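Here the sequence shown stands for residues 3 to 458, where the numbers follow the numbering used here.
Where is the CB? At the ideal position from N, CA and C, for every residue including glycine.
Source: prediction; values computed, not measured.
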Amino acid sequence: MTIKFGTDGWRAVVGKDFNKENVETVTKAIGKYVFDNFGIDKKILVGYDPRNMAAEFSMQCAEMLAGYGFEVLYSKSVIPTPVLAYSAKHLNACAIMFTASHNPPEYLGIKFIPDYAGPATSDITDELVYNLNAKFSGFGKGEIRQYNFKPDYFAHLQKLVDYKKIRELKENIIFDGLYSASIGYFDKILQNNDIKFETLHMYHDPNFGGGMPEPKPKYLKELIEKVKSEAPSVGFANDGDADRFGVINEDGEYVSPNEIIAILLMHLKKHKNYEGSIVKTVGASLLLDKVAEKLGVEVIETAVGFKHVGEAMRKFNPIIGGEESGGLSIQGHIPEKDGLLANSLILEAMAYEGKSLKELQKNLYDFVGCKFYNDRIDKKLENTDEIKPVLEKYKSMTALGSFKVKNIDTKDGVKLYFDDNNSWVLVRPSGTEPLLRIYFESDSVENIELLKRLIA
3 MTIKFGTDGW RAVVGKDFNK ENVETVTKAI GKYVFDNFGI DKKILVGYDP RNMAAEFSMQ
63 CAEMLAGYGF EVLYSKSVIP TPVLAYSAKH LNACAIMFTA SHNPPEYLGI KFIPDYAGPA
123 TSDITDELVY NLNAKFSGFG KGEIRQYNFK PDYFAHLQKL VDYKKIRELK ENIIFDGLYS
183 ASIGYFDKIL QNNDIKFETL HMYHDPNFGG GMPEPKPKYL KELIEKVKSE APSVGFANDG
243 DADRFGVINE DGEYVSPNEI IAILLMHLKK HKNYEGSIVK TVGASLLLDK VAEKLGVEVI
303 ETAVGFKHVG EAMRKFNPII GGEESGGLSI QGHIPEKDGL LANSLILEAM AYEGKSLKEL
363 QKNLYDFVGC KFYNDRIDKK LENTDEIKPV LEKYKSMTAL GSFKVKNIDT KDGVKLYFDD
423 NNSWVLVRPS GTEPLLRIYF ESDSVENIEL LKRLIA
């Protein structure tokens with residue numbers, strides 16, 4: 003097979019393309035990269051999520067790296083991606099995470115995390131791909147040390163989040179472990195700070211309970227029911243490797259990542275005196291632009307994918323960086339998405355305001371003066387040759403039905419901003435298949451439906 007490094011590493015189906023030989027090839031490529039750029043004395047951390055064969059393949063990788071001569075710190079147990087990423091920065095090491103994040107249970111992946119603790123940028127993944135066919139035998143015998151990465155990460159979170167304040171919350175906190183890597187981490191953080199909470203699905207299952215390791219409403223039905231039946235409650239869940247978050251408010255409603263990022267921007271600015279910009283992707287909501295404008299905060303927009311958000315965070319040191327698919331991080335943390343931090347900050351925002359999450363959402367919309375609605379459709383094409391002509395067509399558009407095009411952005415596909423100042427359409431290729439992802443936003447559901455009909 004052709005091994006491809008996407009925005010979050012290489013992923014494939016276990017027992018098919020994700021096999022011993024390909025893990026060996028990818029490990030060799032990473033080992034050579036680390037040696038060529040940092041030398042044999044650079045430590046390499048290796049961790050894994052709860053997926054099928056993740057522990058076995060990660061140990062294979064660790065043994066190979068030690069054979070090359072590296073000192074390898076190997077996680078004693080299942081670890082979330084953000085914890086391993088933070089440890090890379092803290093220990094001035096590179097890291098390799100065995101995870102397929104929110105992908106279906108049959109997948110596994112390898113994610114390379116450089117010592118700056120964010121996703122590998124394109125120049126790094128290009129070098130890794132080049133190394134797949136290169137020779138590398140290393141320099142003698144290194145060693146593998148079993149390592150507990152929890153204490154340093156927990157100590158760091160204690161500095162970022164006021165857990166003492168969270169103890170004042172009157173809401174019942176319900177944490178859905180979702181069989182994921184967040185188990186033993188988010189619950190432990192709350193326990194360590196004497197914060198009461200209830201739980202669901204608190205064991206690691208490679209099949210994720212027959213669902214998907216994705217904190218979206220259709221996989222959080224039991225959490226939603228529990229939140230509704232035990233009022234007033236708020237619910238939290240994370241994806242397979244705990245870098246994404248899913249939040250349920252007191253009415254049992256899913257709170258969108260766009261709303262969460264906006265609420266946290268307001269909170270960090272008002273209560274914690276953070277200064278700086280906000281980094282968001284081109285697919286994220288205008289809600290963030292409107293909040294930023296009212297707060298006097300500059301908006302830095304990137305292409306879709308946390309790889310780009312992380313790169314901008316390293317460059318601009320913003321208050322917060324986030325994306326519409328449920329990833330965020332903040333100033334003083336790492337340029338990588340962290341679902342454990344996100345959960346904690348939402349509780350902190352509620353505690354500082356002395357308000358429910360539902361009330362924080364209302365405050366947000368009162369502050370902005372309107373509500374936004376989003377949707378996305380995927381449009382299949384016959385082949386990838388069709389992508390360019392379609393994008394060219396959108397680039398030359400001056401109107402879509404009665405929606406007049408005000409300006410066009412081409413940093414990632416084609417984004418049409420309309421002259422009502424509250425609506426846009428983004429058309430971008432998937433990057434892996436002949437597919438266009440088409441995003442819609444407007445201040446009414448009727449407009450969204452109309453735009454969808456006009457595009458189709």
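DSSP, reduced to helix, strand and coil, places I263 within a helical segment of the structure shown. Judged by beta-carbon spacing, I168 lies beyond the 8 Å limit of L270, meaning their Cβ atoms are not closer than that value.
With respect to the C-alpha of T386, the residue from Q363, L428, E435 having the closest C-alpha is E435. Taking K166 as reference, the option from A239, I191, Y149, Y181 with the minimal CA-CA separation is I191. Within a 10 Å sphere around the beta-carbon of R455 sit fewer than 16 other beta-carbons, which makes this residue exposed. Beta-bridge pairing by DSSP links Q333 to no other residue. By the neighbour-count criterion, in which a residue is buried when 16 or more other Cβ atoms sit within 10 angstroms of its Cβ, A458 is exposed.
Membership of M99 in the beta strand (DSSP E) is indicated by the continuous run 96-100.
Between the alpha carbons of Y187 and N133 lies a gap of roughly 35 Å.
Nearest neighbour of K220 by Cα position, chosen from G69, E255, H206, turns out to be E255. About 23 Å separates the Cβ atoms of P106 and L342, ruling out a contact at the 8 Å cut-off. Taking L130 as reference, the option from A305, I32, M315 with the minimal CA-CA separation is I32. Under the three-state reduction of DSSP, P208 is assigned to coil, being neither helix nor strand. The three-state reading of DSSP puts S77 in strand, counting E and B together.
In the displayed model, N174 falls within a strand according to three-state DSSP. Looking from the CA of G179, the closest CA among D189, N54, N251, I379 belongs to D189. Taking C-beta separations shorter than 8 Å and ignoring five residues to either side along the sequence, the partners of R316 in its chain run Y118, G120, P337, following chain order. Within the model, the alpha-carbon separation for L86 versus V407 is close to 44 Å.
In the same chain as E26, and ignoring 5 residues on each side of it, the C-beta atoms closer than 7 Å to its own belong to M66, in chain order.
Cβ-Cβ separation between I197 and I175: approximately 7 Å, consistent with a contact (criterion under 8 Å). Rounded to whole angstroms, the Cβ separation of D414 and V284 is 5 Å, and the two are in contact under 8 Å. If you ignore the 5 residues before and after L366, its C-beta comes within less than 6 Å of the C-beta of A264, I265, all in its own chain and listed in chain order.
For T83, the enclosing alpha helix (DSSP H) begins and ends at 83-92.
Secondary structure of I185 (DSSP, three-state): coil. Of the other Cβ atoms in all chains shown, 16 or more fall within 10 Å of the Cβ of G324; this residue is therefore buried.
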